[in-house]
Amino acid sequence: MSFQYLNGRLHCDGVDLQTVADEYSTPSYVYSESILRRNAQVLKDCFIDRGFKVSYAMKANSNPQILKLFRTYGLGVDIVSAGEFKLAQKVGFRGSEINFAGVGKTLTELDMALESEIDYFNVESRFELDILETRAAVFDKKAPVLLRLNPDIDPQTHPHISTGLKQNKFGMGPDKVHHILTHPQDYPHIKFDGIHCHIGSQIIRPDPFFDLISYLQSFTSNLASAGAEINQVDLGGGFGVNYQNPFEDILKTTPYLESFADAANEKLSQYQLHIQPGRVLVANSAILLARVLGTKENGGNHFIVIDGATTDLIRPALYGAYHAIYPHIQKEGSRLFDVVGPVCESSDALAKQRELPELETDDLLTIASAGAYASSMGSTYNMRPLSPEVLVTREGKSKLIRQRQSFEQMTALYL
Ligand code: LLP
């Protein structure tokens, strides 16, 4: 099951998207429970069953129903803020199932995580280590830490989501990491337990991952020879998906998962291995369902204006990202259109120069691969309420898993 045309109309797991639009209005995100489960099962088979720990990077999509579902497959969570931490706890993740990443953490956040005895902190700088040492001393605890190494490996992805190059703000260079891990006595309240790397996101070619594994093999063996204690290696996230063919199965969109796991197990066999995938678990599980407000032509450019916008899916505007677009009623494409939202910015486009059929006011249109970094990056710019999220269950029922934000909720903070 998946998103597919049945009798020329796009369905999600047997449910006609017209019925979802009728019931919940538009724009709305529509998720397939069967795809979410399939993705979690594949990660379990490829990684957990090979001895890895898998922490879902909940920044990709933090809907509690999705978090709960993933937890049933044995996934933990990778969090980056107090908000994510509290939400993870609220849905039932225990401290031991949480790791805390991020380039800057506040005192309150560090204290919160120390109190809850999380699995480990991913620490990216000396300043954070110093603060964590002080706070751990106050709590009379040893804070478990994996140092984030910046290996200077090019992930060959969009510059905004490259993190493992030496000029990026993330992690610490190999010399610093080496020095700290061979002088653990400088930090009596830190339990240095290993290394973390996350080189970037939406990594399509497997080579950067294999380079990372080889790099870590020699880096950790040098460290071990120098007397450092290393028990765990966290290889981060970054597995890319195929935005061109959004309804393909995860093992087709991301075919290298098993070989990555095997290579890591072979070269880093003495360590407890972790990964922190986000996108690959959720990207293909949802579409953004929108309604055509009208069409227009300006200076030879043809536009389809829809009620969804960059406030629902900012990726095309922010990274020039491609998201496939399908009309609800299957028709052959007839001309090139820009698909744009109502927001007052020229960058408010979901797609540019796409071959699409002539559509009319009130026709439905879907923007694919809207499960990752879509609702979680949503905003209320132009005073547009956050859009609802609908889950189509395995039984073929649609269920609201996030309401449309009301005007009162959107304006509640104004004094
Ligand atoms: N671990 C760390 C430390 C991260 O910073 C990230 C993502 C992940 C894991 C998960 O990466 P993933 O498996 O999802 O690639 N908004 C961008 C993506 C930003 C990724 C930020 N960090 C986009 O829409 O493409």
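Residues 1 to 415 (this note's numbering) make up the sequence shown, in order.
Note that CB positions come from ideal geometry on N, CA and C, so glycine has one too.
What you are looking at is a predicted structure, and each value in this text was computed from that prediction instead of being measured.
Local Cβ density within 10 Å of residue i, reported as buried at 16 or more and exposed below that
| i | result |
| --- | --- |
| Ser96 | exposed |
| Ser406 | exposed |
| Gly278 | buried |
| Pro151 | buried |
| Thr254 | buried |
| Asp362 | exposed |
| Phe219 | buried |
| Tyr215 | buried |
| His160 | exposed |
| Glu355 | exposed |
| Phe127 | exposed |
| Arg335 | exposed |
Three-state secondary structure (DSSP) of residue i
| i | result |
| --- | --- |
| Pro277 | coil |
| Thr72 | coil |
| Glu297 | strand |
| Gly200 | strand |
| Ile250 | helix |
| Gly102 | coil |
| Gly238 | coil |
| Glu23 | helix |
| Arg404 | coil |
| Val343 | coil |
| Leu359 | coil |
| Ser28 | strand |
| Gln270 | coil |
| Glu389 | strand |
| Ala349 | strand |
Unbroken alpha helix (DSSP H) run spanning residue i, endpoints
| i | result |
| --- | --- |
| Ser221 | 207 to 225 |
| Gln232 | Gln232 -> not in any alpha helix (DSSP H); beta strand (DSSP E) instead, spanning 232 to 234. |
| Ile35 | 33 to 46 |
| Asn265 | 257 to 267 |
| Val86 | Per the sequence shown, the amino acid found at residue 86 is Lys instead of Val. Per DSSP, Lys86 belongs to the alpha helix (DSSP H) from 82 to 90. |
| Asp175 | 174 to 181 |
| Phe139 | 126 to 139 |
| Leu110 | 107 to 115 |
Residue i versus residue j: straight-line alpha-carbon distance, rounded
| i | j | result |
| --- | --- | --- |
| His328 | Asp45 | 34 angstroms |
| Val30 | Val15 | 11 angstroms |
| Ala21 | Val233 | 45 angstroms |
| Glu33 | His179 | 47 angstroms |
| Glu124 | Ser398 | 42 angstroms |
| Lys416 | Asp312 | Because the chain here runs from 1 to 415, residue 416 falls outside it and cannot be looked at. |
| Ile203 | Leu293 | 35 angstroms |
| Asp175 | Asp211 | 19 angstroms |
| Arg38 | Gly396 | 16 angstroms |
| Cys197 | Glu345 | 36 angstroms |
| Glu258 | Phe47 | 8 angstroms |
| Leu386 | Thr380 | 6 angstroms |
| Gly237 | Val77 | 12 angstroms |
| Arg94 | Asn245 | 36 angstroms |
| Arg394 | Asp13 | 7 angstroms |
| Ala261 | Gly164 | 20 angstroms |
| Gln217 | Lys267 | 6 angstroms |
| Asp119 | His274 | 11 angstroms |
| Asp421 | Leu400 | The chain is shown only over 1 to 415; residue 421 falls outside these bounds and no answer can be derived. |
| Gln272 | Glu117 | 19 angstroms |
| Leu365 | Gly333 | 13 angstroms |
| Gly299 | Val305 | 16 angstroms |
| Gly194 | Ala370 | 34 angstroms |
| Lys86 | Phe192 | 25 angstroms |
| Lys169 | Asn265 | 29 angstroms |
| Ala324 | Gly104 | 35 angstroms |
Residues of its chain near residue i, where Cβ-Cβ distance is below 8 angstroms and the 5 sequence neighbours each way are ignored
| i | result |
| --- | --- |
| Gly92 | Lys68, Arg71 |
| Ala349 | Thr310, Pro316, Ala317, Asp338, Val339, Val340, Gly341 |
Own chain residues within Cβ distance below 7 angstroms of residue i, not counting five before or after
| i | result |
| --- | --- |
| Ile35 | Ser2, Asn284, Ser285 |
| Leu114 | Arg135, Ala136, Phe139, Lys141, Ala143 |
| Ala412 | none |
| Lys352 | Asp338 |
Neighbourhood of residue i by C-beta distance below 6 angstroms, restricted to the same chain and skipping five residues each side
| i | result |
| --- | --- |
| Ala374 | Leu313 |
| Arg148 | Asn122, Glu124, Gly171, His196 |
| Thr157 | Gly200, Gln202, Ile203 |
| His189 | Glu133, Ala136, Ala137, Lys142 |
| Lys331 | Pro357 |
| Ala40 | Phe70, Tyr73 |
Extent of the continuous beta strand (DSSP E) run through residue i
| i | result |
| --- | --- |
| Leu413 | Note, Leu413: premise wrong, no beta strand (DSSP E); not H, not E. |
| Tyr120 | 120 to 123 |
| Arg9 | 9 to 12 |
| Thr366 | 364 to 367 |
| Arg335 | 335 to 340 |
| Pro327 | 325 to 327 |
| Pro144 | 143 to 148 |
| Tyr56 | 53 to 57 |
| Leu165 | It is not in any beta strand (DSSP E) - Leu165 carries neither H nor E in the DSSP assignment. |
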